Structure formats: structure tokens, C-alpha cells
Amino acid sequence: MDKIVVVAVGKDKPGLIAEVTSIISKLGGNIEDMDQVVLQNVFVMSLIIKFFNPKNFEKLEELNRLLVKKGKKIGLKIHVYSLKNL
Numbered sequence: 797m798d799k800i801v802v803v804a805v806g807k808d809k810p811g812l813i814a815e816v817t818s819i820i821s822k823l824g825g826n827i828e829d830m831d832q833v834v835l836q837n838v839f840v841m842s843l844i845i846k847f848f849n850p851k852n853f854e855k856l857e858e859l860n861r862l863l864v865k866k867g868k869k870i871g872l873k874i875h876v877y878s879l880k881n882l
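Structure below.
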């Protein structure tokens, strides 16, 4: 199963990780690796996600749509990539 990379950047504030990862969890994704840093009040997070259910992996467009929508609501720019396409 191919993996997905999620990158989020924006102004730091409490709860950002929970907001993003809750969407991934609801869609059945498993976070295999994560890196997060705050540089001069700028939050940067990268995640590597794997879906065990192939039907969930096919929801890449839905994941992207939901994360971008959530990002706009909480002040993050979020990008979703398939590792297969990098």
C-alpha cells in the first residue's frame, strides 16, 4: 500500500496537531511517522500516513479536501501528496 505525506504550515496555536490527526484517524489512516517544529511562532508539521483498507486509500481526494478545508478554518496551509508520485 502506498503511503501519503501531509505537510501543514501556519501560525502556531494549541490544538493544531489534534485537529489535523483527528481527520486522518476518522478516515482510517495510521500515522507511521511525524515531525513537528515551531520556528519563531511558525508551526510546521509533516506526517507519513498509511491506509490499511484499500478503499480508504482511494479516498486521497477526500482526505485532501477535508484537510484543506480544516486548514483554512484553523489557519494552516495543508498539502497532501502520494509518496508514489514524489
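Residue 797 is where the sequence shown starts when you use this note's numbering, and the numbers rise one by one after that. Glycine residues also receive a C-beta, built at the ideal position from the N, C-alpha and C atoms. Computed from a prediction, not measured in an experiment: that's the story for all the values here.
Three-state class that DSSP yields for residue i in the structure shown
| i | result |
| --- | --- |
| N826 | strand |
| G811 | coil |
| K865 | helix |
Endpoints, alpha helix (DSSP H) assigned at residue i
| i | result |
| --- | --- |
| L872 | Taken as a continuous stretch (DSSP letters only), L872 belongs to no alpha helix (DSSP H), being part of the beta strand (DSSP E) at 872-878. |
Whole-angstrom distance between residue j and residue i, CA atom to CA atom
| i | j | result |
| --- | --- | --- |
| G824 | L856 | 12 Å |
| K866 | S818 | 11 Å |
| F848 | A804 | 23 Å |
| V834 | L862 | 24 Å |
| L859 | S842 | 15 Å |
| A814 | M830 | 13 Å |
Residue i versus the options, residue with shortest Cα-Cα distance
| i | options | result |
| --- | --- | --- |
| G808 | N849, S878, I844, V840 | For clarity, residue 808 is Asp in the given sequence; the question names Gly instead. Answer by Cα proximity: V840. |
| G871 | G806, M830, Q836 | G806 |
| I827 | E815, I874, I845 | I845 |
Residue i - containing beta strand (DSSP E), residue span
| i | result |
| --- | --- |
| F847 | 838-847 |
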